[in-house]
């Protein structure tokens with residue numbers, strides 16, 4: 430018996446498993462790409478909040494349109510923080 434470390438080659442995955450992993454990764458990437466292309470929009474609530482914050486910063490108060498006193502924002506704290 431000799432002293433020393435015996436090197437054991439790492440187990441290799443069968444090619445079917447590698448191909449399956451690649452196919453799944455490709456399917457996930459394709460699904461994500463289709464989702465991004467189909468739902469390419471920003472929620473209007475963000476624009477509404479920014480408009481209220483802009484009017485507040487310019488000294489016109491929490492209004493969407495000047496002269497109309499309507500509370501139309503959904504997140505008052507976020508509007509004030511902006």
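In our numbering, the protein residues as written are 430 to 511. In this text, a Cβ means the ideal position worked out from N, Cα and C, and glycines have one as well. Note that the structure is predicted; figures quoted are calculated from it, not measured.
Neighbourhood of residue i by C-beta, 7 angstroms cutoff - its chain only, sequence neighbours within 5 removed
i	result
residue 502	477, 478, 481 and 508
C-alpha gap between residue i and residue j, whole angstroms
i	j	result
residue 459	residue 496	48 angstroms
residue 506	residue 448	50 angstroms
residue 461	residue 472	19 angstroms
residue 450	residue 468	27 angstroms
residue 464	residue 436	47 angstroms
Coil, strand or helix - residue i by DSSP
i	result
residue 473	helix
residue 518	The structure shown does not extend to residue 518, since the chain is modelled only from 430 to 511, so the question has no answer here.
Delimiting residues of the alpha helix (DSSP H) encompassing residue i
i	result
residue 506	505-510
Chain-order list of residues whose beta-carbon lies under 6 angstroms from that of residue i (same chain, five-residue window excluded)
i	result
residue 491	481 and 485
Runs of alpha helix (DSSP H) lying entirely within the segment 452-502, each at least 4 residues, in chain order
DSSP runs (the alpha helix (DSSP H)) wholly in the segment 452-502: 473-486.
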